[in-house]
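The end of the sequence shown is residue 195 by numbering that gives the first Met the number 0, with every number in the run present. Cβ atoms here follow ideal geometry from the backbone N, Cα and C, with glycine treated the same way. Take a look at the structure set out below.
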Amino acid sequence: MNDKIEKSAVREPRALAPSAPPSGRRTHLRVITPEDLPLIEQWWEEPEANYLDGGDTGGPSYQFRNGFKNRVLQGRETNWFVIETLATPPGPVGYLLYRTYPEEQNSAEVAVRLSRSSWGMGYGSEAFGLFIDHLFRVLGFQQIWLTVYIFNPRAIRIYEKAGFREEATFADEKGLELLKMTLTRSEYERKRRCQN
Numbered sequence: 000m001n002d003k004i005e006k007s008a009v010r011e012p013r014a015l016a017p018s019a020p021p022s023g024r025r026t027h028l029r030v031i032t033p034e035d036l037p038l039i040e041q042w043w044e045e046p047e048a049n050y051l052d053g054g055d056t057g058g059p060s061y062q063f064r065n066g067f068k069n070r071v072l073q074g075r076e077t078n079w080f081v082i083e084t085l086a087t088p089p090g091p092v093g094y095l096l097y098r099t100y101p102e103e104q105n106s107a108e109v110a111v112r113l114s115r116s117s118w119g120m121g122y123g124s125e126a127f128g129l130f131i132d133h134l135f136r137v138l139g140f141q142q143i144w145l146t147v148y149i150f151n152p153r154a155i156r157i158y159e160k161a162g163f164r165e166e167a168t169f170a171d172e173k174g175l176e177l178l179k180m181t182l183t184r185s186e187y188e189r190k191r192r193c194q195n
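Here it is as structure tokens:
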């Protein structure tokens, strides 16, 4: 996720809707706070997760980390959500973020990161579903998209389960293959109707 995270500075965040934070049976989401910074730094040091997010084991650059920290301390990072488990003991297990680009009206790119110790517990699937619902139904986006490396099948399954479909494949600057996956609001609403 190194380059994917670092693009997050290029966005026009929508104001967080004044609704209650999204909550499910096992997780809930909240906007990032300065108290979360040490834990996020820890997650960025997890080699296996870094590999799945970008093909190497290093985390985001020092320059990005400092800029990110300053934005959080100033309360300007409103498009990053912390995933908290409602289990006992409760606590943060990862984060989700979205970013928008001026040339892509009503569209948002999303990314997710779970702590390595939380993999395989279902937290990512539930939190991702809550996040997508919030982006479509509260913030009003018409399309959500993401990129994922083909060697990350666990993430691909989560995205497919949420309704995302493969739109394109391409190589990054290192020659590693990525999938671009998208979900439109109409596809999402159709899927919700079928599940109810």
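Which residue marks the beginning of the beta strand (DSSP E) containing Trp-144, and which one marks its end? Your numbering for residue 144 matches position 145 in the sequence shown. Run containing Trp-144: 142-148, per the beta strand (DSSP E) assignment.
Contact criterion: CB-CB distance below 8 Å. Does Leu-95 meet it with respect to chain C? The question asks about chain C, but that chain is absent: this structure has only one protein chain.
Coarse secondary structure for Phe-163, derived from DSSP in three states: Locating residue 163 in the sequence shown gives position 164, where the first residue counts as 1. Here Phe-163 sits in coil by DSSP.
Express the C-alpha separation of Arg-98 and Pro-91 in angstroms, rounding to a whole number. Along the sequence shown, one-based indexing puts residue 91 at 92. Along the sequence shown, one-based indexing puts residue 98 at 99. Computed Cα separation, rounded: 21 Å.
Alpha carbon to alpha carbon, what distance is there between Arg-25 and Thr-84? Taking the sequence shown and counting its residues from 1, one reaches residue 84 at position 85. Taking the sequence shown and counting its residues from 1, one reaches residue 25 at position 26. Their backbone Cα atoms lie some 6 Å apart in a straight line.
Over what stretch of residues does the alpha helix (DSSP H) that includes Trp-42 continue unbroken? Indexing the sequence shown from 1 puts residue 42 at position 43. Here the alpha helix (DSSP H) through Trp-42 covers 36-42.
Taking its Cβ as the centre, do 16 or more other Cβ atoms sit within 10 Å of Thr-32, making it buried, or is it exposed? For the purposes of this step, residue 32 is taken as the residue at position 33 of the sequence shown. Thr-32 comes out exposed.
Ile-82 - partner residues in DSSP beta bridges: Walking along the sequence shown from the start, residue 82 turns up at place 83. Looking at the DSSP assignment, Ile-82 forms a beta bridge with Leu-28 and Gly-93.
Lys-68 (DSSP reduced to helix, strand or coil): Start at 1 with the first residue of the sequence shown, and residue 68 comes out as number 69. Helix, per DSSP.
Label Glu-176 either buried or exposed according to how many other C-beta atoms from any shown protein chain fall within 10 Å of its C-beta, with 16 as the threshold for buried. On the sequence shown, residue 176 is found 177 positions in, with the first residue counted as 1. Result: exposed.
Please return the same chain residues whose Cβ sits closer than 6 Å to the Cβ of Gln-194, not counting the five positions on each side in sequence. As a position in the sequence shown, residue 194 is number 195, starting the count at 1. Excluding residues within five positions, none has a Cβ falling inside 6 Å.
Selection from Thr-87, Asn-65, Tyr-100 and Ser-60 that minimises the alpha carbon distance to Asn-78: Walking along the sequence shown from the start, residue 78 turns up at place 79. The residue with the shortest Cα to Cα distance from Asn-78 is Tyr-100.
The stretch 32-42 touching the stretch 127-137, judged by at least three CB pairs closer than 8 Å: no
Name the one or two DSSP bridge partners that Arg-156 has. Reading the sequence shown from its first residue, position 157 is the one you call residue 156. DSSP output for Arg-156 lists no bridge partner at all.
Rounded C-beta distance between Gln-142 and Thr-181? I'm assuming under 8 Å. In the sequence shown, residue 142 corresponds to position 143, counting from 1. In the sequence shown, residue 181 corresponds to position 182, counting from 1. Yes, they are in contact, since the Cβ atoms of Gln-142 and Thr-181 sit about 6 Å apart, within 8 Å.
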